[in-house]
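Residue numbers (our numbering): 285 to 533. We put the CB at the ideal spot given by N, CA and C, even for glycine. Keep in mind that this is a model prediction, so the values were computed, not measured. These notes are about the structure you will find just below.
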């Protein structure tokens, strides 16, 4: 029986996220002498999710009987439909076929409203572009598996209820009334998975500087994400090479 990644390993990766932000805030702009203001100095560094990516990459490479090529830095571009290409955070390839592509995003305060809109619009656009690319055969004949990991700071601004705009010509879905930004993320990603836009999503929240994390939804838990990844591995592994190659070609 394959054991899932320990809570301690995930917690260490979450802790690394915050430590990386602190390091980037100190180093950002040293070469040019110009620093971004506020928390932007940390998040523009771009490496804060590396530890979480490394844990997920290790899961993809955990079965010694199937040798996946996992790319998490450099050469992670894929063709897109509405644009020439998209640079993903992690790619998994096998026998020249795309097995999986994953994106890793985060949000910290204090601008939860604007950044929530940006993050969800990015995820929506990526899903739409990717599904069209599949339909147009841009990834070949083997349907890729798409995953998403989202880490959100748990703070007053992300946990308190958010008002739904008034005066709209049609009422908002009642599920959003009284929902915080974290709850809106839960609704968003649960629906994205339910509609087949992503195969699995991991949504975690953590207070600034902490390794301890919470999971707003069992369906979006890291255990569920890992189980989905291992199911994908098992599927690819079960296919004889000649059958896999015929599907791909």
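Extent of the continuous alpha helix (DSSP H) run through residue i
i           : result
residue 355 : That residue, residue 355, is in no alpha helix (DSSP H); its beta strand (DSSP E) goes 353-355.
residue 339 : 334-344
residue 289 : Here residue 289 belongs to no alpha helix (DSSP H), and DSSP marks it neither H nor E.
residue 521 : 506-522
Reduced DSSP category for residue i - H, G, I as helix; E, B as strand; rest coil
i           : result
residue 528 : helix
residue 362 : strand
residue 370 : strand
residue 394 : coil
residue 350 : coil
residue 533 : coil
residue 328 : Low local confidence applies: a pLDDT of 33 at residue 328 is under 50, so the model's placement there is unreliable, and no value is given.
residue 295 : helix
Limits of the unbroken beta strand (DSSP E) element including residue i
i           : result
residue 391 : 381-391
residue 377 : 374-378
C-beta atoms of residue i and residue j nearer than 7 Å
i           : j           : result
residue 498 : residue 470 : no
residue 378 : residue 520 : yes
residue 445 : residue 462 : yes
residue 433 : residue 388 : yes
residue 374 : residue 337 : yes
residue 376 : residue 344 : yes
residue 523 : residue 486 : no
residue 547 : residue 435 : Within the shown structure, residues of the chain are numbered from 285 to 533, placing residue 547 beyond reach of any answer.
residue 341 : residue 350 : no
residue 439 : residue 393 : yes
residue 495 : residue 335 : no
Pick from the options that is closest to residue i, judged by C-alpha positions
i           : options               : result
residue 477 : 412, 492, 439 and 454 : 412
residue 386 : 395, 400, 394 and 362 : 362
residue 430 : 451, 438, 372 and 452 : 372
residue 464 : 458, 442, 392 and 288 : 442
residue 479 : 415, 421 and 468      : 415
residue 493 : 291, 529, 357 and 437 : 437
residue 466 : 452, 365, 490 and 302 : 490
residue 348 : 517, 532, 533 and 531 : 517
residue 290 : 512, 339 and 334      : 339
residue 599 : 407, 458, 427 and 530 : Residue 599 falls outside the range modelled here, since the chain spans only 285 to 533, and no answer is possible.
residue 504 : 483, 495, 358 and 400 : 483
residue 421 : 307, 303, 288 and 531 : 531
residue 356 : 384, 380, 410 and 364 : 384
residue 424 : 380, 401, 456 and 452 : 380
Residue i Cβ short of 6 Å to the ligand GDP heavy atom set
i           : result
residue 371 : Looking for the ligand GDP in the displayed structure turns up nothing, as the structure carries no ligands at all.
### Query
At what residue ranges does the stretch 420-500 contain a whole run of the alpha helix (DSSP H), taking only runs of 4 or more?
Runs found: 440-443 and 465-478.
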